[in-house]
DNA sequence: TTGAAAGCGCTAACAG
DNA sequence: CTGTTAGCGCTTTCAA
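Protein chains in written order, with the working numbering: chain A, 886 to 1220; chain B, 886 to 1220.
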């Protein structure tokens, strides 16, 4: 492992000069810079992140906290964020809660994140007041995806409007018995998104003069399996819905499966619409509300980089990305 | 940010004692340890990773290199690895190649990884001889998932056998015109897995006395979209296959879609089988060859941790995890 | 334009 | 059982 000293000795300059040369700072002659760079390549020199981190107090690392890496949505946001971070030479430290509340507490409760990263990106989590306090005390920029907190940058879609547009589509088709499959549970995650989508659903119904039926609100845990279970429950109802709005495509796909199991035709007997435009939605011909997922990651990364002074771009503090109704084959008029 | 000095002063001991106490080293009285720990909690002390990294030469971080985070398979392996790393107090640095060959070269070519992490996990990539040399020169443990290199720990399935079992199933059903959808392209990734699966496919055919037809080998890029395109091509053939073995479930799902588009019934007109037992496979009733994906991540993590001296477990150097034929509704006898 | 030197916060001998 | 001390490999004044 060649160190800056080796390199300095090799070139015959001081370590200070090497440091300046390699980081493109002024006050180094073009000629020396060239010699330093050449030698660095020749010796395969790579600066120690620990050493420069210790000296500068910055690690050139961003911590990304995600509820579940295995979910397409979060993986895609991570992908987007990674790309722009990498461009600026930042590394990405991944913290996967995997649905474990203890992990969440450990992570936010201790100053861990703050010590290890220059900035923190929190995905799909609405930090509690206490967590906000703890994160704030760390003094590092924090960016949010899918939630927002005063004074912090955030990226999200208008969940309320997205839900409304889906439900309004179903209403326009003539449906009145419309169910909602979402995540209302007390899982460690996703507390704000499902709530907003449910509110949008309820509001659209009320505006259309349709009385919401509590039996039509079912837990789907944001997974296909959860959607399947939810779909079964709904189809077992004495007077079941003619249409289902699922707060995510994965749940919608589960509902589709339940319909098939029950021998109901889609959209003849049951219309189904989701949210996301998940990779698989196309393959199920699923109607959905599309959102640009990797763009959310990219934007969030840009926001914190801006706060770190890494870019001159003006990145708005609170970004709300548009959604788009995508009609495919799973929605149609009721029988 | 309270430092070890602050803490030492607070408790009235030396920094050395604080360091020992907090790391659970011997040669500290239980009483002092308690006082140190209490004070640490009270002051919210968290050691600086940069400082201890610099002092020890170890960062308590593992770098994980993945071709595509957004693919379910890799996200799931990362999830598995993350869990066991976290247990031992290791952080995970994520490097997503996202299919960019330049990124791959930058990553392996410079000593970056080696400097930043105590160990490296490479997923779904068969390192070139040059890359092996470079990684080896870093002197850090390297673990592989989905490939293997002499002297390095690895976890994989027997791709050859997995493919054979799928194809033998199709043969047993009476199919003779069996196509292969895989990844044969020169993408930066997956060079070994698709090849092994294709070989298994060919061998199974030959053993059964079936002459392989080159027109039946189609590129699917390991994506649903690629599988769709592949399926279309196969179904357009004058004398198309009666069965398709896709090297991944995602491609198999694409083929299913192509069949539906073309009005072919599955498995009546076309049988389809994949590999993975992807989350979505159940929902498509897809026959497949199941592999335990997160277990691959867990095992790989354990292997490098063992090499780092973090565990007493005996972890075999080369692990081959079993696969299992899962028969659902997309395979049946030819018409 | 360059160099000397003092840290950054922690660990690891070595003494005591 | 505890403290002193010398680094780890960089960055950053301050001088030259």
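Don't be surprised by glycine CBs; every beta carbon is placed ideally from N, CA and C.
If you draw a straight line from the alpha carbon of residue i to that of residue j, how long is it in whole angstroms?
| i | j | result |
| --- | --- | --- |
| residue 1201 of chain A | residue 1125 of chain B | 54 Å |
| residue 1151 of chain B | residue 1141 of chain B | 8 Å |
| residue 1105 of chain B | residue 1138 of chain B | 11 Å |
| residue 923 of chain A | residue 936 of chain A | 22 Å |
| residue 939 of chain B | residue 1001 of chain A | 14 Å |
| residue 1193 of chain A | residue 918 of chain A | 27 Å |
| residue 1118 of chain B | residue 1213 of chain A | 24 Å |
| residue 1143 of chain A | residue 1068 of chain A | 18 Å |
| residue 985 of chain B | residue 1011 of chain B | 15 Å |
| residue 901 of chain B | residue 901 of chain A | 30 Å |
| residue 1080 of chain A | residue 1095 of chain A | 19 Å |
| residue 1019 of chain A | residue 929 of chain B | 10 Å |
| residue 1172 of chain A | residue 1051 of chain A | 9 Å |
| residue 944 of chain A | residue 897 of chain A | 29 Å |
| residue 1029 of chain A | residue 1022 of chain B | 39 Å |
| residue 1017 of chain A | residue 1132 of chain B | 46 Å |
| residue 1175 of chain A | residue 1209 of chain A | 5 Å |
| residue 899 of chain B | residue 1024 of chain A | 28 Å |
| residue 948 of chain A | residue 990 of chain A | 16 Å |
| residue 915 of chain B | residue 925 of chain A | 49 Å |
| residue 1037 of chain A | residue 1015 of chain A | 15 Å |
Once you ignore the five residues that flank residue i on each side, which residues in its own chain have a CB closer than 6 Å to its CB?
| i | result |
| --- | --- |
| residue 1097 of chain B | 1087, 1090 |
| residue 1031 of chain A | 1009, 1041, 1078 |
| residue 1102 of chain B | 1065 |
| residue 1219 of chain B | 1059, 1060, 1127 |
| residue 1034 of chain B | 1017 |
| residue 903 of chain B | 889, 892, 893, 921 |
| residue 1115 of chain A | 1066, 1103, 1105 |
Excluding the five sequence neighbours on either side, which residues of its own chain have a C-beta within less than 7 Å of the C-beta of residue i, listed in chain order?
| i | result |
| --- | --- |
| residue 1135 of chain B | 1107, 1108, 1109, 1112, 1163 |
| residue 1198 of chain A | 1187, 1191 |
| residue 1084 of chain B | 1045 |
| residue 1177 of chain B | 1206 |
| residue 960 of chain B | 954 |
| residue 967 of chain B | 977 |
| residue 957 of chain B | 1163, 1164 |
| residue 1026 of chain A | 1004, 1189, 1192, 1193 |
| residue 988 of chain B | 982 |
Within a Cβ cutoff of 8 Å, which residues of the same chain sit near residue i, ignoring the five residues on either side of it in sequence?
| i | result |
| --- | --- |
| residue 1055 of chain B | 1063, 1128, 1130, 1156, 1158, 1216 |
| residue 912 of chain A | 905 |
| residue 992 of chain A | 950, 980, 982, 998 |
| residue 964 of chain A | 1179, 1182 |
In this structure, how does DSSP classify residue i when only helix, strand and coil are distinguished?
| i | result |
| --- | --- |
| residue 1161 of chain B | strand |
| residue 1177 of chain B | coil |
| residue 1238 of chain B | Here chain B covers residues 886 to 1220 and nothing more, so residue 1238 of chain B does not appear. |
| residue 1023 of chain A | helix |
| residue 982 of chain A | coil |
| residue 915 of chain A | helix |
| residue 1129 of chain A | strand |
| residue 1111 of chain B | helix |
| residue 1064 of chain B | strand |
| residue 1028 of chain B | strand |
| residue 1040 of chain A | strand |
| residue 1215 of chain A | coil |
| residue 945 of chain A | coil |
| residue 1155 of chain B | coil |
| residue 1050 of chain A | helix |
Between residue i and chain A, is the shortest Cβ-Cβ distance under 8 Å, so that the two count as touching?
| i | result |
| --- | --- |
| residue 1060 of chain B | no |
| residue 1184 of chain B | no |
| residue 1142 of chain B | yes |
| residue 1138 of chain B | yes |
| residue 931 of chain B | yes |
| residue 1196 of chain B | no |
| residue 1164 of chain B | yes |
Does the CB of residue i have a neighbour CB from chain B at under 8 Å?
| i | result |
| --- | --- |
| residue 938 of chain A | yes |
| residue 1161 of chain A | no |
| residue 1104 of chain A | no |
| residue 1001 of chain A | yes |
| residue 996 of chain A | yes |
Could you check if residue i belongs to the surroundings of the ligand NAD, using beta carbon to heavy atom distance under 7 Å?
| i | result |
| --- | --- |
| residue 1116 of chain A | Absence of the ligand NAD from the depicted structure is noted, as is the absence of any ligand whatsoever, leaving it without description. |
Whether or not the region 1007-1015 of chain A and the region 1167-1175 of chain A are in contact is what I'm after, with contact meaning three or more pairs of Cβ atoms, one per stretch, closer than 8 Å; do they touch?
no
Three-pair Cβ contact test at 8 Å for the region 988-1005 of chain A versus the region 892-906 of chain B
no
For the 8 Å Cβ check, are there 3 or more pairs between the region 978-988 of chain B and the region 987-997 of chain A?
no
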